[in-house]
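Which chain is which? The protein sequence lines are S and U, in order. If you count the first sequence from 1, position 35 lands on 35 in the numbering used here, and the numbers rise without skipping. Just add 1000 to wherever you are in the second sequence, counting from 1, and you've got the numbering used here.
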Amino acid sequence: MSAQAIARPRVAPNVARLLRRNAWTLGTYGLFVAVMIFTVAIHPNYGPFEVQSLVVGALPLAFAAVAEACVVLGGGIDLSIGAMMAVANVVAARYMNHHDFQTAILVSVLVLVGGTLAGALNGVIALRTRVPDIVVTLAMSFVWGGVALLILPQPGGGAPDGFLALASGNVLTPWIPAGIVLLIVVVGAIWIPVKLSRIGLALYAVGSDRTAAFRRGVRIGPTRVFSYALGGFFAACGGLALLMSTGIGSPLAGTIYTLSAISAIVLGGVSLAGGRGGVMGPIIAALVLTMVPADLILSGTDPNFGQVIQGTLIVLVVMAGGLAPLLRSRRRAIVPGASSG
Amino acid sequence: MSAPATGLRQGRWVAFQGMLRDRPSLVLVGVLLLLVLAIGVIRPGTIGPSWVANTILFAAPLGIVAAGQTLVMLTAGIDLSVAATMTAAAYVAASQSYFGSARAVLLALAVGLVVGLVNGLGVAVFRVQPLIMTLGTGLVISGGLLVYSLNVSHQGPPAVPDIVRYVGAGKLLGIVPVSAFLWAAIATIVIVGLRQTGYGRLIFAVGDNPIACRLAGVRAWLVLLVTYVICGFLSGVAGLVLVGAINAADLSLGDVYLLPSVAAVVIGGTSIYGGNGGYAGSLLGALILTVLSSVFTLLDAPDPLKQILYGAIVVLLAALYVRTTGDDG
């Protein structure tokens, strides 16, 4: 099970196996297409504006999902993603306010560096204290949440229009929102080199079987810290995206994203046990999770049901995922337990 | 002359460390006493019978919800829906009190049982990872509660039923909190139940090695199901005690209990990977966290700073526990 990710290049291309292995991700894409068709069907005139607002609305969650995916793929879990997003969000909103575009970019760079360091700190604490990462990051979510409140006690601040346009503008035609380009460029520029390099391989190896990876000579500690640092970087991206989509900083707006990000990665085919999945699935799942409540509200459901819908969707999806192997066979026990990391 | 003395001292130190390793609850008691001492230093004269009574009063909801969380963690799971369940039970009780206390309390407990049952079915039967299952139910509950609160308000003003207020905030002879008796009863049942009953031992077994359990013919799914139902029920009870103590219900009443419920169990030495630990530690953990909060209150620190310190100290205490026992979580 663990060696599959590593051995993939040597396996002869086998369509059936490829389909089976990526069934879940393909299912997510299918769900996305289905929801998209439904959305267009219930909208009398679906146009560039709707695409635009979908992307702007989904952008913070997409980054949060990528952040969580990086950590979970490495065999850990980070329950402080949302709180780190909040810190990035308020720092950016506070120091970009009434400044020009250049300053905003400079602040963004500093925020991204800070986010990376914050993520790395989570990893180092989990590693050095040997306290389970769920506990460490749950506690750190309090710490980061407090930091966000210290920086900006109530919603406020702002950012120059040019900076906001990075997400809310469009590229070439109104049909291509700038936000999706930003997402693809940032995630692509970071994730693709990581995935192709040794460290990416190490990440997957440590995530799928820590002992086997150790025996293969992978340095567990640095790899785990790297996965947390990468998570922190994307969480900071998420915080900036949150600023782009709302226009202000809010110390509490980030908190919901921890839960939503975990929902998105599960829906996007990342195994919480680590080492399985990618970042595309979670991004698509983030779009689905943004569209579904909006659609249901548009089709007449009480808007307050948004959270119920999201929760039910997650539960049903993971239950379906659990049911499939259960029905197929009872040969192998699937350990019902928390993530191994 | 000095060398043997150093050696002796080292020997004693090693023996001391060994004692701590064998009896980790001593460390917890030490930390608790240290915190109480800190309060005595910050505000002399605070410590007294009424202070102890109030501390127990405020620790009771946490202690009760930590009991459920302990059981779940012993099976290598986690329940992140406890806070939402507490809030839901508390709010339902308050909003239904118009129709009589009995109905209010029973409905509140039913909320806990249903949440536990759903969690249990997801984890035990559908083999969903506990983290994601309980996260999902938590979202559903808090979202559902919002909808409920918007549709129920016209049925009468939300008020905490008298019986709930008595259990949550009442004091016998003007000093002994009523909730202490409830907490003590639950603690006794959990501690004795874990040691003496077959179900209790199965919790450890399932948490330690589910495959071996299955091969030995244990119906692991049933053990898990029952455990999550108990956890949901205890969360409901904790919600009732909390709303009784505070005497007002709102939609975020229990939210602050999510981290403490996990932290109390972890500080108390129950392994999040299952099969190792017990409720006695969680009980001390709940007391430690409650006293810690009152230290912050006494220091009059701003809220964000309190939050930061709280998180940091939880990590420190958990790290301390891991270090003294040499246990990996």
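Every residue, glycine too, gets a C-beta built ideally from N, C-alpha and C.
Check the Cβ-Cβ distances between U:G1122 and every residue of chain S, and say whether any is below 8 angstroms.
yes
| field | Alpha-carbon to alpha-carbon, S:V308 and S:L164 | value | 31 angstroms
(message) Strictly below 7 angstroms CB to CB, what residues from chain S border U:A978?
(response) Nothing about residue 978 of chain U can be reported from this structure: the residues present for chain U run from 1001 to 1329 only.
Q.
By the three-class DSSP mapping on this structure, what secondary structure does S:V270 have?
A. coil
Q.
Suppose contacts are defined by Cβ-Cβ distances below 8 angstroms. Is S:I199 in contact with S:F226 by that definition?
A. yes
*Which chain U residues are close to S:G115, counting only those with a beta carbon under 7 angstroms from its beta carbon?*
The premise fails here: S:G115 is roughly 17 angstroms from chain U at the closest Cβ pair, so nothing lies under 7 angstroms.
Check: When the cut-off is 8 angstroms and only beta carbons count, does S:D302 lie next to chain U?
Finding: yes
Strand pairing of U:L1172, partner residues [DSSP] = U:V1176
* Taking only beta carbons into account, state which residues of the segment 270-292 of chain S come closer than 7 angstroms to chain U, listed in chain order. => L272
- Close Cβ partners of U:W1221 (< 7 angstroms) along its chain, the five nearest in sequence each way excluded: A1124, V1125
| Does the beta-carbon distance from U:L1251 to U:V1243 come in below 8 angstroms? | no
Q. Skipping 5 residues on each side, what residues in its chain have a beta carbon closer than 8 angstroms to that of S:S299?
A. I42
Near-chain U residues of the segment 25-54 of chain S - C-beta to any C-beta below 7 angstroms | none
| For S:L121, does the count of other Cβ atoms within 10 angstroms reach 16, so buried, or fall short, so exposed? | buried
>> Applying the 10 Å Cβ sphere with the 16-neighbour rule, what's the burial state of S:T246?
In response: buried
Spatially closest choice to U:L1071 from U:G1207, U:G1236, U:I1288, U:A1248, by CA coordinates: U:G1207
Roughly how many angstroms separate the alpha carbons of U:T1270 and U:L1194, rounded to a whole number? 13 angstroms
Is it right to say S:Q154 is buried, meaning 16 or more other beta carbons lie within 10 angstroms of its own, or is it exposed?
exposed
Option in S:I77, S:M280, S:T312 with minimal Cα separation from S:G274: S:I77
Discussion item. So, does the segment 65-84 of chain S touch the segment 144-154 of chain S, judging by three or more C-beta pairs under 8 angstroms?
Written reply: yes
| message | So within the segment 1036-1069 of chain U, which uninterrupted alpha helix (DSSP H) runs reach at least 4 residues, ignoring any that extend past its ends? | response | none
**Item:** Where the alpha helix (DSSP H) containing S:T223 begins and where it ends
**Value:** 220-246
_Through-space distance from U:T1197 to S:M280, alpha-carbon basis_ = 48 angstroms
- What number of angstroms, rounded off, separates the C-alpha of U:G1277 from the C-alpha of U:G1068? 13 angstroms
Where S:I125 meets chain U, residues with beta-carbon distance less than 7 angstroms
V1315
request  = State the DSSP-derived secondary structure class of S:L249, mapped to helix, strand or coil.
outcome  = Leu is not the amino acid found at residue 249 of chain S; the sequence shown has Gly there. It is a strand residue.
- prompt: So the alpha helix (DSSP H) S:W175 belongs to, where does it begin and stop?
  reply: It is not in any alpha helix (DSSP H) - S:W175 carries neither H nor E in the DSSP assignment.
Worksheet entry | Validate contact between the segment 252-267 of chain S and the segment 106-117 of chain S using beta carbons, cut 8 angstroms, 3 pairs | no
Item to complete: Note down, in chain order, every chain U residue with its Cβ under 7 angstroms from the Cβ of S:L61.
Response: Under the 7 angstroms cutoff, chain U gives no residues; its nearest Cβ is about 14 angstroms from S:L61.
query = For U:L1037 versus U:I1288, is the C-beta spacing smaller than 8 angstroms?
reply = no
**Item:** Supposed close pair U:I1175, U:P1049 - CB separation, criterion 8 angstroms
**Value:** 6 angstroms
(message) For the segment 1128-1139 of chain U, list every residue whose C-beta sits within 8 angstroms of some C-beta in chain S, in sequence order.
(response) V1128, Q1129, P1130, L1131, I1132, M1133, L1135, G1136, T1137, G1138, L1139
Measure how close the beta-carbons of U:V1031 and U:L1317 come, nearest whole angstrom, since I'm counting them as under 8 angstroms.
7 angstroms
Could you list which residues in chain S have their beta carbon closer than 7 angstroms to that of U:F1016, in chain order?
Within chain S, no residue comes near U:F1016; the closest Cβ sits about 22 angstroms away, beyond 7 angstroms.
Locate the alpha helix (DSSP H) running through S:D133, then write down its first and last residues. 133-151
- Query: On the premise that U:A1090 lies in contact with U:A1249, defined as a C-beta separation below 8 angstroms, what is that separation, rounded to the nearest angstrom?
  - Reply: 5 angstroms
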